[in-house]
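Each remark here refers to the structure printed beneath this line.
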Amino acid sequence: MNKLATAAMHDTSIWKTSKRLTLDQMEYTFPKVVKLCLIDVNWHRMLARMFKKVNNELRRDEPVVVFNVHYFEQLGTILSSTNKRTIANYMALHVLSTLGTKTIPRLLE
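Residue numbers (the working numbering): 1202 to 1310.
Set out below in structure tokens:
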């Protein structure tokens, strides 16, 4: 599986800032996110709920690849020092820019 994932990546520089961790390790590796975040981030619970919707069980020892370690290291500080409205606006704009072209035609129907 690792070989397949590596082969699928066109930009190998992404792997320089990547780290393979279990979901439990994420909570210990990025403690600032858990402590300083506006909400308590439980990586396992959050992702397990998503995977449960597609009938897939996600264990705490499940390996995941964090593609931008620096982002996760800074996330807690960013979230704790940024206005909630700014974060909400950013998230909404990100969703719209990602899914907007697919959702707008449906809304027009």
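Built from N, CA and C at the ideal position, the CB exists for glycine as well.
{"Asked": "Assuming Val-1265 and Phe-1273 make a contact with CB atoms under 8 Å, what is their CB distance in whole Å?", "Found": "11 Å between Cβ atoms; not a contact."}
{"Asked": "Starting from the N-terminal side, write out each stretch of the beta strand (DSSP E) that is 3 residues or longer and does not extend beyond the stretch 1247 to 1271.", "Found": "1264 to 1267"}
{"Asked": "Mark Met-1227 as exposed unless 16 or more other C-beta atoms lie within 10 angstroms of its C-beta, in which case mark it buried.", "Found": "buried"}
{"Asked": "Among all the DSSP beta bridges, which residues are the ones paired with Lys-1220?", "Found": "Val-1267"}
{"Asked": "Pick from Asn-1243, Ala-1249, Val-1270 and Leu-1259: whose alpha carbon is nearest that of Thr-1218?", "Found": "Val-1270"}
{"Asked": "Residues in its own chain within less than 6 Å of Phe-1231 by CB, not counting five upstream and five downstream?", "Found": "Phe-1273"}
{"Asked": "From Tyr-1291 to Leu-1222, what does the alpha carbon distance come to, in whole angstroms?", "Found": "27 Å"}
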